[in-house]
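Note sheet for the following structure.
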Amino acid sequence: MSMGMSKIVKTVSSVVFPFIVIYGLYIIAHGHLTPGGGFQGGAVVASGCAMLLVAHGSIWTIGKIREKQLSILESTGAVAFILLALLGLVFGTVFFKNFLVGNKFLFGEIPGYLSRVANFNTGGVLPLMNFAVGLKVIAGLFAIVLVMAYATSTFKKGEMEDGKR
Amino acid sequence: MLKRDFAAVIFFTVVAVFFVFAALLTHPFGSPDNPVMDDYIIHNTQTEVGANNGVTSVVFDYRGFDTLGEATVLFTAVAGVILVFRRLKK
Amino acid sequence: MIYNIPYLAVAALILVGLYGVVFKRNLIKMVIGVTLIESGVNLFLITLGYRKGSTAPIYTSSPGGLMSLPVPQALTLTSIVIGVAVLALMLSFVVYIYRHYKTLDARKIGGEDE
């Protein structure tokens, strides 16, 4: 677990990982048109990152990214979500008001009554909230798996990571 | 030991009878009781929110406060796990 | 009685999970029992909002007709995420208990059975 698997597994997982990330980001970005959204797409990308962790070993992965950077990413997602809710209080009248419906600049169109065509420019404040929650879920789930895998790895003090002293 | 096992069996049997009884007395599967709020949401989600997805508009617009609570629970879980394993590695 | 089979399946899931929590001694088996109870509750929330002959409440390329209720599906999303958080915290506490007591037996920790 702490040293990783063979070279074939490492190469194949590094090749497949960008496709998983693109699939997860597609699910997050089209959350207001198709089934999906922030939580579901974030879970897909986090499981792709967990596949990288299992293939390369926890010692190599924690050399690449520390949990402090993941904590900063997660806090950014949470602050962006609350900022969008407070902007609804400033521009509208209530907390969490959808203040971007009907304007001409950003995600403001309204689909017709009972229309079955998917228009990406609709949704109001929903796509921005999807990105904030997706970032929070990716960073949070990957931080949980990484900390658990690193803290329970079994190597003694004074040994290098491939068994030599 | 024997008294504790006897009490556990009695408790489990009582709870099992209650659950099966409640599952048979719920409304028939396929006709909910009073869908007035959900019919309003289905009819008005394209003009008020502007999204095609009814479930996402409920999660982020009509009931956005519950999503704020859920984000707080996820943050608390990550903080608790990192706290436990920081003491363990030292 | 034949029309309430999803609710009987929910009751079976919750009872199997409750059996794992009450009658088993290993801590990991208790954690699995709690996860089974949580899965049963999520299934119950989804099957409450079904209308006979309806499709998903999404307008993109929908075939028309009735739509099922969207509010229980939104509540189930929240419940699944909370289940993941509870499972992560339970497993980290089990690891901590094992490092301290050197055993996973629920009757031997806490100084109850000497």
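Chains as they are written, first to last, in our numbering: chain A, 1 to 165; chain B, 166 to 255; chain C, 256 to 369. Glycine residues also receive a C-beta, built at the ideal position from the N, C-alpha and C atoms.
Boundaries of the alpha helix (DSSP H) in which residue i is found, first to last residue
{"i": "F176(B)", "result": "167-190"}
{"i": "K136(A)", "result": "126-151"}
{"i": "V349(C)", "result": "326-356"}
{"i": "S169(A)", "result": "Missing from the structure shown is residue 169(A); chain A here goes from 1 to 165 and no further."}
{"i": "G219(B)", "result": "219-222"}
{"i": "F39(A)", "result": "38-56"}
{"i": "Q69(A)", "result": "67-91"}
{"i": "P197(B)", "result": "Counting along the chain, P197(B) falls outside any alpha helix (DSSP H), and DSSP gives it neither H nor E."}
{"i": "P312(C)", "result": "Element bounds for P312(C): n/a, residue is neither H nor E."}
Same chain, Cβ closer than 8 Å to residue i, neighbours up to 5 away in sequence not counted
{"i": "L106(A)", "result": "L100"}
{"i": "G36(A)", "result": "I27, I28, H30"}
{"i": "P111(A)", "result": "V117, N119, T122"}
{"i": "D198(B)", "result": "H192"}
{"i": "H32(A)", "result": "T122, G123, L126, P127, N130"}
Closer than 9 Å to chain A by CB, residue i
{"i": "Y314(C)", "result": "yes"}
{"i": "D226(B)", "result": "yes"}
{"i": "I206(B)", "result": "no"}
{"i": "V277(C)", "result": "no"}
{"i": "V220(B)", "result": "yes"}
Interface flag, residue i vs chain B, CB-CB below 9 Å
{"i": "G4(A)", "result": "no"}
{"i": "T333(C)", "result": "yes"}
{"i": "K357(C)", "result": "no"}
{"i": "T310(C)", "result": "no"}
Chain C contact for residue i (CB, 9 Å cutoff)
{"i": "T61(A)", "result": "no"}
{"i": "N217(B)", "result": "yes"}
{"i": "T232(B)", "result": "yes"}
{"i": "T253(B)", "result": "Note on identity: in this sequence residue 253(B) is Leu, with Thr being the wrong assignment. Yes, L253(B) counts as interfacial toward chain C."}
{"i": "V185(B)", "result": "yes"}
{"i": "A118(A)", "result": "yes"}
{"i": "P35(A)", "result": "yes"}
{"i": "T152(A)", "result": "yes"}
{"i": "F39(A)", "result": "yes"}
{"i": "S115(A)", "result": "yes"}
{"i": "R165(A)", "result": "Residue confidence for R165(A) is low, a pLDDT of 43 falling below 50, so the modelled location carries little weight; the figure read from the coordinates is stated next. Answer no: the Cβ-Cβ gap between R165(A) and chain C never drops below 9 Å."}
{"i": "V214(B)", "result": "no"}
{"i": "V238(B)", "result": "yes"}
Best match in the options for proximity to residue i [C-alpha to C-alpha]
{"i": "A143(A)", "options": "G77(A), M5(A), L70(A), G36(A)", "result": "L70(A)"}
{"i": "V147(A)", "options": "S294(C), V350(C), K363(C)", "result": "V350(C)"}
{"i": "V9(A)", "options": "L52(A), V90(A), R116(A)", "result": "L52(A)"}
{"i": "V79(A)", "options": "T241(B), R251(B), A236(B), V249(B)", "result": "A236(B)"}
{"i": "V341(C)", "options": "G288(C), Y258(C), Y274(C), F278(C)", "result": "G288(C)"}
{"i": "E109(A)", "options": "F96(A), L126(A), V94(A), F95(A)", "result": "L126(A)"}
{"i": "A55(A)", "options": "V133(A), K64(A), K7(A), T34(A)", "result": "K7(A)"}
{"i": "G304(C)", "options": "H208(B), E213(B), P200(B)", "result": "P200(B)"}
Same chain, Cβ closer than 6 Å to residue i, neighbours up to 5 away in sequence not counted
{"i": "F299(C)", "result": "V265"}
{"i": "I292(C)", "result": "I269, G272"}
{"i": "T210(B)", "result": "G219, S222"}
{"i": "L89(A)", "result": "F95"}
Own chain, CB closer than 7 Å to residue i, minus 5 neighbours either side, in chain order
{"i": "G92(A)", "result": "F99"}
{"i": "F186(B)", "result": "none"}
{"i": "G163(A)", "result": "With a pLDDT of 49 at G163(A), under the threshold of 50, the modelled position of this residue cannot be trusted; read the value that follows with caution. Cβ within range, chain order: n/a, list empty."}
{"i": "I138(A)", "result": "G42, V45, A46"}
{"i": "E369(C)", "result": "Bear in mind that a pLDDT of 46 at E369(C), under 50, signals an unreliable position, so the model cannot answer this."}
Interface positions of the stretch 282-296 of chain C facing chain A (Cβ-Cβ less than 7 Å), listed along the chain
Correct list: empty, as no residue qualifies.
If you measure beta-carbon to beta-carbon, which residues of the stretch 120-131 of chain A are closer than 7 Å to chain B?
For the stretch 120-131 of chain A, the residues whose beta carbon sits under 7 Å from a beta carbon of chain B are, in order, T122, G123, G124, L126, M129.
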